Structures are given as C-alpha cells and as structure tokens.
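The working numbering puts the first residue of the sequence shown at 16, with every later residue one more than the last. Where is the CB? At the ideal position from N, CA and C, for every residue including glycine. All of these numbers come straight from a predicted model, not from anything done at the bench.
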Amino acid sequence: MTVADLPLGPLERALVGSLQRLDPGATPLVLASAALVCAALEQGDVCLPLARLAGRRPWPELPFALPALDAWQAQLLASPLVAEDGGFAPLLLDHGRLYLARYQAYERQLAAQLLARAADRPQVDEARLSDSLTRLFAFNQQQPDWQRLAAAQAVRRRLAVISGGPGTGKTTTVVRLLAALLEQSDTPLAIGLAAPTGKAAARMAEAIRAAKASLPVSEAIKAALPEEARTLHRLLGSRGDSPQVRHHAGNPLALDVLVVDEASMVDLALMAKLVDALPPNARLILLGDKDQLAAVEAGAVFAELCEGRGFDAEAAAQLQRLTGQAVPVSAPTSRLGDAVVLLSHSHRFAGDSGIGELARRINAGDVAGTQSLLKEPRSDLRWNAQPTTAELLERLDQGYGAFLEAAKAGDPQAAFAAFNGFRALTAQREGVWGVAGISEALEARIKRRSQVASRERWYVGRPVMVRQNDYALGLFNGDVGLCLHTEYGLRVFFEGEDGYRPFAPARLPSHDTAFAMTVHKSQGSEFREVLLVLPEQPSPLLSRSLLYTGITRAKQLVEVWALPARLADAVATRAERAAGLAERLAQAAPNAPPPTANVTTAQDQLSLF
C-alpha cells in the first residue's frame with residue numbers, strides 16, 4: 016500500500032507532497048505519520064501522542080496498521096524528516112509526542128516565556144497596595160475574597176491567570192486591579208485591552224467603561240483606565256494568510272500592561288505570538304473560564320495554564336499579611352504556581368440556582384446527577400427528553416415571538432432587547448438540528464406567515480451573524496445584526512458604542528441567518544433564556560465543556576432538548592486535547608526548557624511547517 020491509497024484530506028495531501036519533495040525516499044510510515052499529525056491539528060490537538068494509535072489501524076477501512084510504540088518511534092527517528100527535541104526537521108518527536116516543527120516551537124517558546132515572566136517579581140509598595148485593595152474590594156463579604164487575592168497577585172506578578180465561571184466578577188476584578196496598578200505607579204502606564212474576537216473586545220471595553228464610574232479612586236485614576244479594546248489579531252498586526260505578525264520580540268508592543276479577556280478561546284499559535292510580542296517587563300493578565308470550550312484552532316492553552324495551580328505555605332502567608340485574607344494552602348504542581356487564581360463565588364447564580372447546580376454536576380461528570388436534576392420541577396431548568404422536529408419548530412417560533420413583534424415596530428433597542436431574551440444554541444452547524452437546519456426551517460415558516468416570497472433573502476426580523484472581519488465597516492466575525500424597516504427601506508442594525516449602526520444589506524460581509532448559533536459562537540454572550548439542542552445521533556462534538564458552556568449562557572432559564580443518551584454522552588465526555596504545555600510547566604518537568612530558552616529562530620526557519 017502506498018500513501019496515495021490513504022484517505023487524506025487536502026491539507027494532509029499538501030503536507031505529504033511537501034515532505035516527499037524534501038525526501039523522495041521517505042517511507043509510507045513516515046508520510047502516514049505526518050498526515051496523522053496534520054489531521055490531529057485539524058481536530059484541535061497540538062501533537063500526536065504515538066501511544067494513542069500504536070499497533071492500531073488509523074483508517075479502519077484500510078488494512079494499513081501502525082507498528083508497536085517502540086518500533087514506530089525507531090522507524091520515525093531513522094528518517095531525515097524527523098528529529099528529537101532540540102533537533103531541526105519538519106517533524107519532531109518529543110517524549111512520545113509527534114509534532115509539526117512549528118507547533119513544537121510554539122509550545123516550547125510559550126512555556127519558556129511564561130515561566131520567565133512568572134518568575135519575575137516587579138517592585139511593589141505593599142503598604143500602598145494593601146490600602147488600595149482594602150478600599151477597592153470593601154464591598155466583598157465572602158471569605159476568602161478571591162477577587163481581592165487575584166488582584167493582589169496580578170499587581171505583584173508579571174503574569175496573572177484569572178479563571179472564573181459566569182458571574183464570578185472577572186471584569187469587576189480586572190477594573191479594580193488596574194486601578195490598584197495605576198495607584199502603584201508615579202508615571203502613566205500604557206494599558207492594552209484585547210480579546211480573541213471583535214465582539215468580545217467590544218463587550219470588554221463596554222463593561223470596563225461602565226464599571227470604572229463607581230470606583231472609589233481619584234478622577235485622574237479613572238481617566239487613566241483604558242476604554243478601548245482590540246482584537247488580538249489587530250493588536251499583533253496580522254498579515255492576511257501569513258503566520259507572521261508585525262509585532263514580535265524584535266518589534267514589541269508598546270505596553271506596560273496587557274489584559275486579555277476570553278483567553279480560553281485563544282489557540283496555541285496565537286498565544287505564543289502574543290506572549291512573544293509583549294515586552295519582558297510588561298504585565299500580562301489573562302481572564303477566562305477554564306471549563307469553557309477551548310479554541311477552535313489547535314490547543315487548549317488556558318485550561319493547561321490552570322492545571323496544577325495552588326498556594327504553598329509561604330505564598331499563602333504573604334497574601335494573608337497583605338490582604339488580611341486566610342488563604343487555603345495547596346502545594347502547586349505547576350511552576351506557574353500562585354500566578355493562577357480561580358474565582359469561585361458566582362454573583363449571577365445564587366446558591367439555590369438550578370443552572371448553577373447543573374453546571375457543577377456537568378463539570379463533575381455526574382451523568383445520573385445531571386439527569387436527575389433536570390427532572391426536578393425547577394423554575395430555571397427544563398428538559399425535553401423526547402424532542403421532535405415539529406415540537407422544536409413550534410417552541411422556537413414561540414420563543415422568538417416577542418422579538419418578531421418588536422422587529423415590526425422598527426425600534427433597534429427594543430428589537431435587540433427582545434432578541435437577547437431568547438436564543439437557540441446548537442452543538443453543530445449542519446444537520447436538521449444544527450444551525451443551518453434550524454434557521455432554514457424557522458425562516459421558511461416565518462416567511463409563509465408574513466407572506467414574504469421564499470426567494471427573498473431579506474425581510475423584517477431576519478437576524479444575521481457576520482462570518483468574517485471587515486475592519487472598514489467595523490464589523491467582526493460573530494457580530495449579530497437585525498433587519499428592520501426604516502424610512503430608507505430595509506436596514507441591518509448592529510449594536511455599537513454610540514447606539515445602533517444601520518447598514519444596507521448589500522454592504523454586509525459574508526453572513527448567515529442566525530435564529531440559531533453554535534455554542535462555540537455564543538461564548539462570552541448572555542441571554543435571558545437559552546434553548547440548547549443536542550443532535551439525535553452520536554457526535555464527536557458532544558462534550559462536557561460544550562454542555563457547560565451552552566447552559567451557562569442563560570441567566571434565568573435553560574431548556575435542554577436532548578435524548579437521554581446524547582445528554583449522557585456530553586456529560587461523560589471530557590474533551591482533552593493532546594498537547595505538552597502543562598507538562599512543560601509542571602514541577603520538575605523532565606523536558607521543560609529553561610526560562611531563557613529561545614526558539615524563535617527555529618520557528619522562523621520552519622515557517623513552512
């Protein structure tokens with residue numbers, strides 16, 4: 016059997032073709048291994064753990080089988096296309112994990128730079144900091160006050176990783192810690208705000224503008240707090256389809272502090288470029304939820320950074336002296352240690368909240384407990400365990416009824432308020448119960464009732480989601496617009512900083528009808544009511560993090576429409592991505608690079624791969 020017989024996709028074939036040109040004598044095993052690494056990257060893995068597939072048939076429909084682990088590694092290392100860690104080749108074998116060279120470089124570089132940043136301790140006036148924290152967090156009554164502790168660590172460290180679920184006050188924390196940082200400095204600080212998407216950046220900036228008004232600080236400090244946020248790609252100066260960016264170690268960002276919101280959505284390559292572009296003496300503050308869905312691209316960086324967190328006795332004593340808070344001692348197993356803080360008190364979900372309890376049971380992988388809770392007569396939970404397509408369409412029509420009525424009135428503010436009151440979320444784009452199927456079926460129903468011709472694309476009440484960034488228009492991937500009638504005809508309105516911006520439908524970038532959206536696209540959003548639809552058939556997309564992310568978008572009511580078997584699949588499946596970052600950051604990690612490791616040159620040389 017030759018490589019040509021393997022069922023490879025376009026990317027895998029392109030990679031295999033490049034490797035064959037570099038080494039015409041490459042064996043089918045080496046080329047097949049490279050194709051498997053490429054396929055793993057498309058599925059979100061950073062590398063291919065050889066033990067996962069050793070001795071197995073990666074393509075069950077073909078008789079091709081991989082060797083046992085030791086034999087497989089030996090045959091790979093016999094090829095000039097493969098090198099061990101520290102070597103130079105398109106493929107790198109690193110402690111049983113096979114990488115494309117660029118991704119191994121990203122991972123090593125990111126680990127080294129994070130460790131160096133975490134080990135650096137800026138000078139801090141602890142008396143002034145203690146006063147700032149006492150004043151800024153005086154409203155918090157819970158013990159320990161993790162918001163105050165997170166702020167203390169962010170001021171005392173070059174690196175702070177703050178994780179928390181919905182309603183735990185991440186934005187509140189970051190506004191106050193930035194105020195504390197500004198009170199520390201006698202000179203102005205260049206503070207940057209960024210997020211992975213334009214929508215997330217806009218929400219972050221809006222939340223900070225709203226929160227800073229009530230801060231117990233001087234007007235000078237309030238004026239120094241930033242009010243604008245950018246996407247990470249725009250911050251770094253992305254260059255189209257090229258992996259290169261304008262800002263890097265040789266041309267760093269002119270920032271003293273960078274805050275990144277929704278960091279769980281940042282993939283390995285983007286995070287490595289971001290950290291590389293930040294000056295060594297700048298502070299980096301990452302905000303996110305470690306239990307949410309990981310990035311669409313390869314890597315689950317934020318979740319890996321949160322592994323092994325904890326406070327040893329010395330760190331706990333220092334924090335208690337500074338904040339007056341008793342800090343639980345838990346020896347960290349990561350060398351990032353106490354740079355990671357988890358916010359655990361939810362201000363959105365009360366102690367008796369069904370949504371909050373459901374989120375806890377899902378994260379614990381408790382299938383029976385999750386299904387049992389959904390069967391209880393809770394005011395904020397509903398479960399349809401035997402859903403049909405006809406029932407679903409009827410419920411969606413009812414759920415969007417208030418929005419469609421508001422849309423007829425033509426008031427953008429009322430229309431958006433109604434639209435954000437109810438939202439259908441799905442696990443996947445395609446299929447009858449995917450985004451496309453739901454939107455198409457509901458749209459056809461609405462057009463018939465409104466006597467709109469089926470061929471007409473635009474009608475009053477059509478919601479759309481932008482699919483690509485358009486910086487000239489100020490519209491970004493994930494932005495939602497609503498089609499309303501105006502004196503100038505139909506216009507699509509988008510929420511903006513200064514109200515609602517209308518656009519002629521023909522001006523919009525690529526977009527889709529958005530009566531439903533994927534859980535991935537919903538990250539960072541909040542809706543009063545959420546209807547979460549899971550597919551009828553088993554799907555690799557179903558996971559604990561997807562279910563958790565979907566149900567926590569709701570503030571008052573969540574409805575789960577799912578067969579018991581599919582719900583069980585989601586709760587029982589912990590989505591784990593193959594990567595080595597957490598291991599490189601672990602205490603006494605055998606393959607961890609020293610903090611001063613420099614792999615930028617190797618990364619540049621291997622840009623093809």
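> Closest by CA to E551, which one among Q401, V475, V573 and R470?
Replying inline: Reading the sequence shown from its first residue, position 536 is the one you call residue 551. Checked all of Q401, V475, V573 and R470; the closest Cα to E551 is Q401.
> What are the start and end residues of each continuous beta strand (DSSP E) run of 3 or more residues lying completely inside the stretch 237-273, in chain order?
Replying inline: Counting only runs of 3 or more residues that sit fully inside the stretch 237-273, the beta strand (DSSP E) segments are 257-260, in chain order.
> In chain order, what residues of the same chain lie with their CB nearer than 6 Å to the CB of A531, ignoring the 5 residues before and after it?
Replying inline: Counting from one through the sequence shown, the residue named residue 531 turns up at place 516. Here the set comprises A439, T441, V450, I453 and S454.
> Since L408 and R460 are thought to touch, with beta carbons under 8 Å apart, how far apart are those beta carbons, to the nearest angstrom?
Replying inline: Looking up residue 408 in the sequence shown gives position 393. Looking up residue 460 in the sequence shown gives position 445. Indeed, because the Cβ distance is near 6 Å, the residues count as touching under 8 Å.
> So is G514 buried or exposed if we call it buried at 16+ other beta carbons inside 10 Å?
Replying inline: Counting from 1 along the sequence shown, the entry for residue 514 is found at position 499. Flag for G514 reads exposed.
>> So, for A297: in the same chain, excluding its five sequence neighbours on each side, which residues have a beta-carbon less than 6 Å away from its beta-carbon?
In response: Start at 1 with the first residue of the sequence shown, and residue 297 comes out as number 282. Around A297: L270 and D271.
>> What does the alpha-carbon distance come out to for the pair P343 and Y474?
In response: Walking along the sequence shown from the start, residue 343 turns up at place 328. Walking along the sequence shown from the start, residue 474 turns up at place 459. C-alpha separation (whole angstroms): 57 Å.
> Where does the unbroken beta strand (DSSP E) through K214 begin, and where does it stop?
Replying inline: Looking up residue 214 in the sequence shown gives position 199. Judged by DSSP secondary structure, K214 falls outside any beta strand (DSSP E) and instead within the alpha helix (DSSP H) spanning G213 to K227.
>> I'd like the list of long-range same chain contacts for R150, defined as Cβ closer than 7 Å, with 5 residues on each side in sequence excluded.
In response: Counting from one through the sequence shown, the residue named residue 150 turns up at place 135. Taken in chain order, the residues that qualify are P231.
>> Which residue wins for smallest C-alpha separation from F317, given the options D291, V355, A330 and A341?
In response: Walking along the sequence shown from the start, residue 317 turns up at place 302. Nearest to F317 by alpha-carbon distance, out of D291, V355, A330 and A341, is V355.
>> As an exercise, report each continuous alpha helix (DSSP H) stretch of at least 4 residues that is fully enclosed by the stretch 129-174, in chain order.
In response: Segments of the alpha helix (DSSP H) lying fully in the stretch 129-174: 141-151 and 161-171.
> Should A424 be labelled buried (16 or more other beta-carbon atoms within 10 Å of its own) or exposed?
Replying inline: Reading the sequence shown from its first residue, position 409 is the one you call residue 424. Result: exposed.
> In the structure shown, what three-state DSSP assignment does L77 receive?
Replying inline: Taking the sequence shown and counting its residues from 1, one reaches residue 77 at position 62. Residue state, collapsed to three classes: coil.
> Is the distance from the Cβ of R506 to the Cβ of P517 below 8 Å?
Replying inline: Translated into positions along the sequence shown, residue 506 becomes position 491. Translated into positions along the sequence shown, residue 517 becomes position 502. Yes. Within cutoff.
> Can you tell me whether F154 is buried or exposed, with buried defined as 16 or more other CB within 10 angstroms of its CB?
Replying inline: Walking along the sequence shown from the start, residue 154 turns up at place 139. Counting the other CB atoms within 10 Å of its CB gives F154 a total below 16, which places it among the exposed residues.
> Going straight from the alpha carbon of T533 to that of A430, what length do you get?
Replying inline: Translated into the one-based positions of the sequence shown, residue 533 becomes position 518. Translated into the one-based positions of the sequence shown, residue 430 becomes position 415. When rounded, the distance between both Cα atoms is 21 Å.
> Excluding sequence positions up to five away, which residues of its chain have a Cβ less than 7 Å from the Cβ of A604?
Replying inline: Here residue 604 refers to the residue found at position 589 of the sequence shown. Residue placement at A604 is flagged as unreliable, the pLDDT there being 47, under the threshold of 50; a coordinate-derived value is accordingly withheld.
> In chain order, which continuous runs of the beta strand (DSSP E) of length 3 or greater are located wholly inside the stretch 317-390?
Replying inline: DSSP runs (the beta strand (DSSP E)) wholly in the stretch 317-390: 355-358.
> What did DSSP end up calling F509 once you bin it into helix, strand or coil?
Replying inline: Taking the first residue of the sequence shown as position 1, residue 509 is located at position 494. In this structure, F509 counts as strand in the three-state DSSP scheme.
> Is it right to say R172 is buried, meaning 16 or more other beta carbons lie within 10 angstroms of its own, or is it exposed?
Replying inline: Numbered from 1 along the sequence shown, position 157 holds the residue referred to as residue 172. Buried: at least 16 other Cβ atoms inside 10 Å.
> Under three-state DSSP, which class holds A569?
Replying inline: For the purposes of this step, residue 569 is taken as residue 554 along the sequence shown, with counting starting at 1. Under the three-state reduction of DSSP output, A569 falls in the strand class.
>> Going by DSSP, what residue range makes up the beta strand (DSSP E) through P43?
In response: Along the sequence shown, read from residue 1 onward, the residue named residue 43 stands at position 28. From DSSP, P43 is part of no beta strand (DSSP E) but of the alpha helix (DSSP H) over P43 to E57.
>> Mapping the DSSP letters down to three states, classify P294 as helix, strand or coil.
In response: Locating residue 294 in the sequence shown gives position 279, where the first residue counts as 1. Coil at P294, not helix or strand.
>> Distance check for D135 and W576, CA to CA, integer angstroms please.
In response: Locating residue 576 in the sequence shown gives position 561, where the first residue counts as 1. Locating residue 135 in the sequence shown gives position 120, where the first residue counts as 1. Cα to Cα, W576 sits roughly 49 Å from D135.
> If you check the beta carbons only, do L247 and A209 fall under 8 Å apart?
Replying inline: Looking up residue 247 in the sequence shown gives position 232. Looking up residue 209 in the sequence shown gives position 194. Yes; because the gap between Cβ atoms is below 8 Å, this pair is in contact.
> What's the C-alpha gap between S622 and R117?
Replying inline: Numbered from its first residue, the sequence shown carries residue 622 at position 607. Numbered from its first residue, the sequence shown carries residue 117 at position 102. Low local confidence applies: a pLDDT of 44 at S622 is under 50, so the model's placement there is unreliable, with the coordinate-based value given in what follows. Each residue's Cα considered, the two are about 7 Å apart.
>> Counting C-beta neighbours from all protein chains within 10 Å, is the total for R123 16 or more, i.e. buried, or is it exposed?
In response: Counted from its first residue, the sequence shown places residue 123 at position 108. With at least 16 other beta carbons inside 10 angstroms of its own, R123 counts as buried.
> Count the other CB atoms within 10 Å of the CB of F542; is the residue buried (16 or more) or exposed (fewer)?
Replying inline: Within the sequence shown, numbered from 1, the residue matching residue 542 stands at position 527. Flag for F542 reads buried.
> With 16 as the cutoff for other CB atoms within 10 Å, does D146 come out buried or exposed?
Replying inline: Position 131 of the sequence shown, counting from 1, holds the residue named residue 146. Here D146 is exposed: its Cβ has fewer than 16 other Cβ atoms, across all protein chains shown, within 10 Å.
> Residues bridged to L115 by DSSP?
Replying inline: As a first step, residue 115 must be located in the sequence shown, where it is residue number 100. Under the DSSP definition of a beta bridge, L115 partners with L106.
> By a C-beta neighbour count over all protein chains shown, 10 Å radius and 16 as the cutoff for buried, is E277 buried or exposed?
Replying inline: As a first step, residue 277 is located in the sequence shown; it is residue number 262 there, counting from the start. By the neighbour-count rule (16 or more Cβ atoms within 10 Å), E277 is buried.
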